[in-house]
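For reference, the structure is listed below as structure tokens.
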């Protein structure tokens, strides 16, 4: 039962091509880079409303991706949403009066957490809580109300 | 190489006779040693259709036994029952002292290694060439080195006269050649018996003659027990030692070919002499001819 | 009316009987898989006929599906000034849905039907029975390598399909329609999630590969051993596989993305 060399070669090529394609899908197409085992530290922030924020939504500072949302919980006592963020260890100089806000990327884009550094001398460390936050929906409610009002007045 | 071949040939002839003797010694009673396959009160039905309704058969060791009967009497089914591919509804099938229908998978496979079967179509594996087909059972069941497999395969192919055809694909063989290759494959593991399923159908006279001779020759030279299932009366009767005739689920006649030819059973006579009308009527059951025509 | 109900009952009986046989068969096949791993040659031969021979059609359709998606997506997106998102549209539709599903359908048509026909013919020409009489279990020797080869090939083919589709979309979107190259890739990377999208796509293709190959080898093994029976089984393989792929795709999508 001789197996021709070409058969083996072709099968090898199929497997190599398949694995290469999987590699392309992982590296070039998807966000694998953000999964890389970079060490990170956790900070939490409380929001009145997180809107459409999801686990693994981006955390940005100055438009640069610095981390990901690691968990979203609801605090039953304070009636607030608690967002846990994993921030890359390389960005460890956020002042402890940094403001965390939930914004929307583009008009219909996904929501992300933006960090605006304050001026304090003390830095956020693992487990710190960001005290100054601005919720997602407050702004949107306002915009919604404004649009509704103007539409109604426009009709009349 | 030649030395190896000589040794192989010696070994080959030795194993045959040695196995043969061993087997005779293994089995218990004197009757058992004479009879390789013993079928008692066999009942088998496929759905509503009863195929065997109490069949008793004895296949003697080292002999060539033919099982004949009209088409559709389940002759192939009988071989499959002996090979354990089907299980009887009732009755027992004993092969070399083992109850086939009660064997576990492992034991059944061990038994099958000692049986060869020649299928009607040859059943060669289409993706392997002639050489690899004959080598197939050797490679599956032994760990022999490739050089030895090559010698064995060439010996078996030489026995059926197709050593020169070793590189052909099964699709390039004629029907008779395919059957001979299949025969070489069936004897590859030196079995104790071979079952032939309709070996003569659809053969031209030359390959028919070759097969007839080959079957008899192998039986005698290798000390095999052969079972031929066929409805080619002339050819089968010419080489077999003993004949069973089966019809409608029962054995209707048995004996040596000569004895059966002079049988006084009308049914056996009709079958053996190929008469168009007799106990098996020429006409399919129908109402009266005249009546049928007039009532159009 | 009573006959009709009885017919329904008989059909149901037969259906469950077949299903039971198929499950038993799958179990036996799984038992035979270790034996295949000991003899990788059998597997390589089957990987060739199941995988490599399916490659041309997969490559061709992957590229073209990607190109068509880019063309269609561009025309829709450009109305919203969102042609930058073309990469996302192409990548998500291919990675999540079209990759596994179209590959599954093509795989059923190319490899599945060939498997059924081959095994069915082996049965019709008594090769399987012959093997059994040679004390070789055809499920171990014939079915298991083919089953394993299908199971391995399918995700590889789906990944090749997806990668080529995305490059096909790139070719049309960036090369012909003038979408910004950086936007095509970076938007894609920010929106396509490794776990949610790529992993789930791979899982889908694994499931489809399993089911299609299972249907194909079972239909071949269970065929009525005549030429008519083989041709019917081959047709059944393609039809059942298509049903299974589309139906399972809905179920899997609901499980993965619906919650």
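Protein chains in written order, with this note's numbering: chain X, 14 to 169; chain V, -16 to 279; chain P, 51 to 309.
We treat Cβ as the ideally placed atom computed from N, Cα and C, and that holds for glycine.
| said: In this structure, how does DSSP classify residue 143 of chain X when only helix, strand and coil are distinguished? | reply: Your numbering for residue 143 of chain X matches position 130 in the first chain. Strand.
| said: Please list the terminal residues of the continuous beta strand (DSSP E) segment that includes residue 53 of chain X. | reply: Translated into the one-based positions of the first chain, residue 53 of chain X becomes position 40. Note, residue 53 of chain X: beta strand (DSSP E), 53 to 60.
| According to DSSP, residues forming a beta bridge with residue 188 of chain P | Counted from its first residue, the third chain places residue 188 of chain P at position 138. None; residue 188 of chain P has no bridge partner.
| said: Within 7 Å of any Cβ in chain P, is that where the Cβ of residue 92 of chain V sits? | reply: By one-based count along the second chain, residue 92 of chain V stands at place 109. Yes, contact with chain P.
| query | In terms of residues, what are the limits of the beta strand (DSSP E) holding residue 74 of chain X? | reply | As a working mapping, residue 74 of chain X is identified with position 61 in the first chain. 71 to 74 is the extent of the beta strand (DSSP E) around residue 74 of chain X.
| query | chain X beta carbons: is any one of them nearer than 7 Å to that of residue 94 of chain P? | reply | Taking the third chain and counting its residues from 1, the one referred to as residue 94 of chain P is at position 44. By this cut-off, residue 94 of chain P is an interface position.
| said: For residue 210 of chain V, list the residues DSSP reports as bridge partners. | reply: Working through the second chain from its first residue, we reach residue 210 of chain V at position 227. BP columns for residue 210 of chain V point to V/48 and V/178.
| said: For the beta strand (DSSP E) containing residue 39 of chain V, name the first residue and the last one. | reply: Reading the second chain from its first residue, position 56 is the one you call residue 39 of chain V. Residue 39 of chain V -> beta strand (DSSP E) spans 32 to 43.
| message | For residue 37 of chain V and residue 66 of chain P, what's the separation of their Cα atoms in angstroms? | response | Start at 1 with the first residue of the second chain, and residue 37 of chain V comes out as number 54. Start at 1 with the first residue of the third chain, and residue 66 of chain P comes out as number 16. Rounded to the nearest angstrom, the two C-alpha atoms are 34 Å apart.
| request: Check whether the segment 137 to 146 of chain V touches the segment 164 to 172 of chain V, counting contact only when three or more Cβ pairs, one atom from each stretch, lie closer than 8 Å. | output: Yes: the two stretches touch, three or more of their Cβ pairs being nearer than 8 Å.
| field | Per-residue DSSP class, three states only, for residue 126 of chain V | value | The residue labelled residue 126 of chain V in the question sits at position 143 within the second chain. Here residue 126 of chain V sits in coil by DSSP.
| said: Could you compute how far the alpha carbon of residue 270 of chain P sits from the alpha carbon of residue 179 of chain P? | reply: Counting from 1 along the third chain, the entry for residue 270 of chain P is found at position 220. Counting from 1 along the third chain, the entry for residue 179 of chain P is found at position 129. Linking residue 270 of chain P to residue 179 of chain P through their CA atoms gives a straight-line distance of about 14 Å.
| message | Taking the straight line between their C-alpha atoms, what separation do you get for residue 202 of chain V and residue 194 of chain V? | response | Against the second chain, residue 202 of chain V aligns to sequence position 219. Against the second chain, residue 194 of chain V aligns to sequence position 211. Their backbone Cα atoms lie some 12 Å apart in a straight line.
| Is the distance from the Cβ of residue 82 of chain X to the Cβ of residue 100 of chain X below 7 Å? | Numbered from 1 along the first chain, position 69 holds the residue referred to as residue 82 of chain X. Numbered from 1 along the first chain, position 87 holds the residue referred to as residue 100 of chain X. Their beta carbons are not under 7 Å apart, which means residue 82 of chain X does not touch residue 100 of chain X by this criterion.
| request: Answer with buried or exposed for residue 278 of chain V, where buried requires no fewer than 16 other C-beta atoms within 10 angstroms of its C-beta. | output: Your numbering for residue 278 of chain V matches position 295 in the second chain. It is exposed - the Cβ of residue 278 of chain V has fewer than 16 other Cβ atoms within 10 Å.
| request: Return the bridge partner residues of residue 26 of chain V from the DSSP annotation. | output: Sequence index remark: in the second chain, residue 26 of chain V carries index 43 (1-based). Partner(s): V/36 and V/73.
| message | Please report whether the beta-carbon of residue 274 of chain P lies at a distance below 7 Å from any beta-carbon of chain V. | response | Residue 274 of chain P sits at position 224 when you count from the first residue of the third chain. With respect to chain V, the C-beta atom of residue 274 of chain P has no partner C-beta closer than 7 Å.
| task | On a CA-only basis, which of P/181, P/163 and P/166 is nearest residue 95 of chain V? Give me that one, please. | result | Reading the second chain from its first residue, position 112 is the one you call residue 95 of chain V. Closest by alpha carbon: P/181.
| message | Taking the straight line between their C-alpha atoms, what separation do you get for residue 92 of chain P and residue 86 of chain P? | response | If you number the third chain from 1, residue 92 of chain P lands on position 42. If you number the third chain from 1, residue 86 of chain P lands on position 36. The alpha-carbon of residue 92 of chain P is positioned some 7 Å away from that of residue 86 of chain P.
| query | Does residue 85 of chain P get closer than 7 Å to chain X when you measure Cβ to Cβ? | reply | In the third chain, the residue the question calls residue 85 of chain P occupies position 35. The beta carbon of residue 85 of chain P does not come within 7 Å of any beta carbon belonging to chain X, so the residue lies off that interface.
| field | Cβ separation of residue 19 of chain V and residue 79 of chain V, assumed to be a contact under 8 Å, to the nearest whole Å | value | As a working note, residue 19 of chain V is residue 36 in the second chain. As a working note, residue 79 of chain V is residue 96 in the second chain. In this structure residue 19 of chain V is in contact with residue 79 of chain V, their Cβ atoms being roughly 6 Å apart against a cut-off of 8 Å.
| field | Opposing strand residues paired with residue 93 of chain X [DSSP bridges] | value | Start at 1 with the first residue of the first chain, and residue 93 of chain X comes out as number 80. Checking the DSSP bridge columns, you'll see residue 93 of chain X partnered with X/88.
| query | Could one say the Cβ of residue 164 of chain X lies closer than 7 Å to chain P's Cβ atoms, at least one of them? | reply | Position 151 of the first chain, counted from the start, is the residue given in the question as residue 164 of chain X. Chain P contact via Cβ: absent.
| task | Can you say whether residue 219 of chain V is buried or exposed, counting buried as having 16 or more other CB atoms within 10 angstroms of its CB? | result | By 1-based counting over the second chain, the position of residue 219 of chain V is 236. With 16 or more other CB atoms across the displayed protein chains lying within 10 angstroms of its CB, residue 219 of chain V is buried.
| field | alpha helix (DSSP H) segments (min. 4 residues) lying fully within the segment 70 to 140 of chain P | value | For the segment 70 to 140 of chain P, whole alpha helix (DSSP H) runs of length 4 or above, ordered along the chain, are 90 to 96 and 105 to 127.
| Min CB distance residue 64 of chain X to chain P below 7 Å | The count along the first chain starts at 1 and reaches residue 64 of chain X at position 51. Under the Cβ distance rule, residue 64 of chain X does not count among the residues neighbouring chain P, no pair being separated by less than 7 Å.
| said: Measuring alpha carbon to alpha carbon, tell me which residue in P/148, P/166 and P/53 is nearest residue 108 of chain P. | reply: For the purposes of this step, residue 108 of chain P is identified with residue 58 of the third chain, where counting begins at 1. Check the Cα spacing between residue 108 of chain P and each of P/148, P/166 and P/53: the tightest is with P/148.
| message | What would DSSP say about residue 112 of chain V, mapped onto helix, strand or coil? | response | The sequence position of residue 112 of chain V within the second chain is 129, counting from 1. Correct three-state label for residue 112 of chain V: coil.
| task | Put residue 14 of chain V into one of helix, strand or coil per three-state DSSP. | result | Reading the second chain from its first residue, position 31 is the one you call residue 14 of chain V. Only weak support is given to the placement of residue 14 of chain V: the predicted model assigns it a pLDDT of 44, under 50, and the value that follows is read from those uncertain coordinates. Reduced to three states, the DSSP call for residue 14 of chain V is helix.
| query | Between the segment 62 to 80 of chain X and the segment 103 to 118 of chain X, are three or more C-beta pairs nearer than 8 Å? | reply | With the cut-off at 8 Å, the segment 62 to 80 of chain X and the segment 103 to 118 of chain X touch.
| query | With DSSP run on the structure shown, which of helix, strand or coil describes residue 129 of chain X? | reply | Numbered from 1 along the first chain, position 116 holds the residue referred to as residue 129 of chain X. Residue 129 of chain X carries a strand assignment under DSSP once its states are collapsed to helix, strand and coil.
| Proximity to residue 307 of chain P [Cα-Cα], best of P/245, P/123, P/290 and P/289 | Residue numbering aside, residue 307 of chain P sits at position 257 when the third chain is read from its first letter. The shortest C-alpha separation from residue 307 of chain P is found at P/245.
| request: Would you list the one or two residues that DSSP bridges to residue 229 of chain V? | output: In the second chain, counting from the first residue as 1, residue 229 of chain V sits at position 246. V/234.
| Closer than 7 Å at the beta carbon, the chain P residues around residue 104 of chain V | Within the second chain, the letter at position 121 stands for residue 104 of chain V. The answer, in chain order, is 175 and 176.
| Between the CA atoms of residue 255 of chain P and residue 24 of chain X - distance to the nearest angstrom | Counting from 1 along the first chain, the entry for residue 24 of chain X is found at position 11. Counting from 1 along the third chain, the entry for residue 255 of chain P is found at position 205. Taking the straight line joining both Cα atoms gives about 19 Å.
| field | Residues in the segment 70 to 86 of chain V having any Cβ partner in chain P nearer than 8 Å | value | Of all residues in the segment 70 to 86 of chain V, none has a Cβ within less than 8 Å of some Cβ in chain P.
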